[in-house]
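A.B. asks: I'd like to ask you about the structure that follows.
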Amino acid sequence: MKIAVVRETAPGETRVAATPETVKKFIGLGAEVAVETGSGESASISDADYEAAGASVSPRAKSLDGADLVLCIGGPDAGSLKGAKPGAILVGALDPFRRREKIDGYASAGLEALAMEWMPRITRAQSMDILSSQSNLAGYKAVVDGAATYGRAFPMMMTAAGTISAARVFVMGVGVAGLQAIATARRLGAQVSATDVRSATKEQIQSLGAKPIFVENVAGIEGEGSGGYATEMSEDYQKAQAELVSGHIAKQDMVITTALIPGRPAPRLISDAQLATMRPGSVVVDLAADAGGNVEGCVAGQNVVKHGVTIIGASNLARTLAADSSALFARNLFNFLSAFWDKEQNRPVLPDDDEIVKAIRLTHGGKVVNERLTGPAS
-3 MKIAVVRETA PGETRVAATP ETVKKFIGLG AEVAVETGSG ESASISDADY
47 EAAGASVSPR AKSLDGADLV LCIGGPDAGS LKGAKPGAIL VGALDPFRRR
97 EKIDGYASAG LEALAMEWMP RITRAQSMDI LSSQSNLAGY KAVVDGAATY
147 GRAFPMMMTA AGTISAARVF VMGVGVAGLQ AIATARRLGA QVSATDVRSA
197 TKEQIQSLGA KPIFVENVAG IEGEGSGGYA TEMSEDYQKA QAELVSGHIA
247 KQDMVITTAL IPGRPAPRLI SDAQLATMRP GSVVVDLAAD AGGNVEGCVA
297 GQNVVKHGVT IIGASNLART LAADSSALFA RNLFNFLSAF WDKEQNRPVL
347 PDDDEIVKAI RLTHGGKVVN ERLTGPAS
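Following this note's numbering, the residues of the sequence shown are numbered contiguously, the last one being 374.
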């Protein structure tokens, strides 16, 4: 069983899909690991580190030659994977909805593509969930980047010249990223409040010492969703939430938005008119920037100033913490593959009827097979 680790080529991508730690673990399972030259450079992992862990290091063509399994962060073009065995497994964050042409390419090339971001939110898959591990880091970094842009102190500071009030931070969307943002802002000494369409998050917000801000007594809330994700809200709820948010964000120094709906554009949470109510010097960090943004006027990867408020279009913040995000991503991949590893066959065996496999398998046998891309079978 040969595992190939490819170097990421997407602009700004700093992560790598395997670390010396996971290389050793794969070798311990009986696999051969080949790493493309320079794969770990941006994550502070040298080729010598991989070789010390037992991997071979070589240019892409040689590392892919005869590979049964290819590990990546973002999905490379199928054409760049020539040399891998027919039916080789490709595992990574493949962005199926927005990169459908690549998925079709994997099918045509006979690759079995597995999208790790579609990992179901079930107990046995928690250690495999790349969205959770990467979102955790993104939530932390959102606060750090926001604090660096905000021109005032975060904690309350008492001096002989007077007292500085603690910054007020409002987190919209209390998933993994939102919870980490709350915790980080609290550690920095801010007054923190948060909201979500899922009523079950109230206790989580309170457990972190923040104040829950929720719409009450409005029927038709559809936010619970399935698999741990939020869904779209009812019209009545959207109207009530907009009124509540408008009154609240005007008092905030920083707002962090994290709302995403899988397969859909990010929901609009803050309008230009609402931004205008915030005081000059305030900061909004939009973690949904890559999906269109929760904030009107947000531009992915850029800082935009409107009405004196800086909107940070946070684009894949996990990759700004390359060493840590790589370590977590690589462990997610190992945890997934080792859970299906067959010692006798010396390879992962992926049953067609397994809940995890059905959720993340995109292509198989030369076809796109995932119902989220093809629609339910007739």
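Ideal placement from N, C-alpha and C gives every residue a C-beta, glycine not left out.
Just so you know, these numbers come straight off a predicted model, no measurement behind them.
1. Going residue by residue through the stretch 49 to 113, where are the continuous alpha helix (DSSP H) segments of at least 4 residues, counting only ones entirely within it?
2. Output the residue ranges of the alpha helix (DSSP H) runs that lie fully inside the stretch 335 to 361 and measure 4 residues or longer, sorted by chain position.
3. Using the rule of at least 16 other Cβ atoms within 10 Å of the residue's Cβ for burial, across every protein chain shown, is D125 buried or exposed?
4. DSSP three-state call for S381: helix, strand or coil?
5. Is it a yes or a no for the stretch 145 to 158 touching the stretch 103 to 116, going by three-plus beta-carbon pairs under 8 Å?
6. Assuming A13 and C68 form a contact by the criterion Cβ under 8 Å, report the distance between their Cβ atoms to the nearest whole angstrom.
7. How many Å lie between G142 and R327 at the Cα?
8. Could you give the distance in angstroms between the alpha-carbon of L25 and the alpha-carbon of A134?
9. Tell me whether A30 sits in a helix, a strand or coil according to DSSP, three-state version.
10. What's the gap between the Cα of D268 and the Cα of A318?
11. Looking only at its own chain, which residues have a Cβ that is under 7 Å from the Cβ of V53, when we skip the five neighbours before and after it?
12. In its own chain, which residues sit with a C-beta less than 7 Å from the C-beta of G223, not counting the 5 before and 5 after it?
13. Verify whether the separation of the beta carbon atoms of A186 and M250 is less than 9 Å.
14. Who are the near neighbours of F325 in its chain, counting only those whose CB is closer than 7 Å to its CB and skipping five residues on each side?
15. Starting from F22, trace the beta strand (DSSP E) both ways and give me its first and last residue.
16. Using the rule of at least 16 other Cβ atoms within 10 Å of the residue's Cβ for burial, across every protein chain shown, is E239 buried or exposed?
17. If L378 sits next to A255, beta carbons under 8 Å apart, how far is it from one beta carbon to the other, in whole angstroms?
18. So what does DSSP say about K(-2), is it helix, strand or coil?
19. Within 10 Å of its beta-carbon, does E4 have 16 or more other beta-carbons around it, so buried, or fewer, so exposed?
20. Looking only at its chain, what residues have a beta carbon closer than 7 Å to the beta carbon of L181, apart from the 5 residues adjacent to it on each side?
21. Round the Cβ separation of I257 and V281 to the nearest angstrom and send it over; I've been treating them as touching at under 8 Å.
22. Evaluate contact between the stretch 310 to 317 and the stretch 53 to 62, counting only Cβ atoms and requiring at least three cross-stretch pairs below 8 Å.
23. For the putative contact between A355 and W114, defined by C-beta atoms under 8 Å, what is the C-beta separation to the nearest angstrom?
24. If you run the structure through DSSP and keep just helix, strand and coil, what is K302?
25. Spatial neighbours of T273 within its chain, please: C-beta separation below 6 Å, excluding the five flanking residues on both sides.
26. Using only the alpha-carbon positions, how far apart do K98 and R368 sit?
27. For Q202, count the other beta carbons within 10 Å of its own beta carbon; 16 or more makes it buried, fewer makes it exposed. Which is it?
28. Exposed or buried, what is N312 when buried is set at 16 or more other beta-carbons lying within 10 Å of its beta-carbon?
29. Using beta-carbon positions only, say whether M(-3) and E28 come within less than 9 Å of one another.
C.D. replies: A quick look at the data gives this:
1. 56 to 60 and 96 to 104
2. 351 to 356
3. Here residue 125 refers to the residue found at position 129 of the sequence shown. Under this definition D125 is a buried residue.
4. Residue coverage of the chain in this structure runs from -3 to 374, which leaves residue 381 outside it and unanswerable.
5. no
6. On the sequence shown, residue 13 is found 17 positions in, with the first residue counted as 1. On the sequence shown, residue 68 is found 72 positions in, with the first residue counted as 1. Right, the Cβ-Cβ distance comes to about 5 Å (below 8 Å), so this counts as a contact.
7. The residue labelled residue 142 in the question sits at position 146 within the sequence shown. The residue labelled residue 327 in the question sits at position 331 within the sequence shown. Whole-angstrom Cα-Cα distance: 29 Å.
8. For this step, residue 25 is matched to residue 29 along the sequence shown. For this step, residue 134 is matched to residue 138 along the sequence shown. Taking the straight line from one Cα to the other gives about 32 Å.
9. Looking up residue 30 in the sequence shown gives position 34. Reduced to three states, the DSSP call for A30 is strand.
10. In the sequence shown, the residue the question calls residue 268 occupies position 272. In the sequence shown, the residue the question calls residue 318 occupies position 322. C-alpha separation (whole angstroms): 33 Å.
11. Looking up residue 53 in the sequence shown gives position 57. V31, T33, D43, Y46 and E47.
12. As a working mapping, residue 223 is identified with position 227 in the sequence shown. Legend: pLDDT at G223 = 47, less than 50; position of this residue unreliable, value from coordinates given subsequently. Only P116 and R117 meet the Cβ criterion.
13. Mapped onto the sequence shown, residue 186 falls at position 190. Mapped onto the sequence shown, residue 250 falls at position 254. Contact: yes.
14. To locate residue 325, count along the sequence shown from 1; it is residue 329. If we look at F325 and ignore the five residues flanking it on each side, its Cβ neighbours are R11, A13, I69, I126, S129 and Q130.
15. Your numbering for residue 22 matches position 26 in the sequence shown. From DSSP, F22 is part of no beta strand (DSSP E) but of the alpha helix (DSSP H) over P16 to L25.
16. Within the sequence shown, the letter at position 243 stands for residue 239. Its Cβ having fewer than 16 others within 10 Å, E239 is exposed.
17. Summary: the structure shown does not reach residue 378, with the chain confined to residues -3 through 374, and so no result is reported for it.
18. Here residue -2 refers to the residue found at position 2 of the sequence shown. Here K(-2) sits in strand by DSSP.
19. One-based indexing of the sequence shown puts residue 4 at position 8. With 16 or more other Cβ atoms within 10 Å, it is buried.
20. Mapped onto the sequence shown, residue 181 falls at position 185. It should be pointed out that residue 181 corresponds to Ala in this sequence rather than to Leu. Cβ within range, chain order: V139, V165 and V188.
21. Walking along the sequence shown from the start, residue 257 turns up at place 261. Walking along the sequence shown from the start, residue 281 turns up at place 285. That pair is no contact at about 19 Å.
22. no
23. Position 359 of the sequence shown, counted from the first residue, corresponds to residue 355. Position 118 of the sequence shown, counted from the first residue, corresponds to residue 114. Correct: roughly 5 Å between the Cβ atoms.
24. Sequence index remark: in the sequence shown, residue 302 carries index 306 (1-based). Note: K302 maps to strand in three-state DSSP.
25. The residue you call residue 273 lines up with position 277 of the sequence shown. Same-chain partners within the cutoff: A246.
26. Here residue 98 is taken as the residue at index 102 of the sequence shown, counted from 1. Here residue 368 is taken as the residue at index 372 of the sequence shown, counted from 1. Whole-angstrom Cα-Cα distance: 16 Å.
27. Working through the sequence shown from its first residue, we reach residue 202 at position 206. Q202 comes out exposed.
28. Walking along the sequence shown from the start, residue 312 turns up at place 316. Answer is buried; the Cβ neighbour count reaches 16.
29. In the sequence shown, counting from the first residue as 1, residue -3 sits at position 1. In the sequence shown, counting from the first residue as 1, residue 28 sits at position 32. Yes, they are a contact pair.
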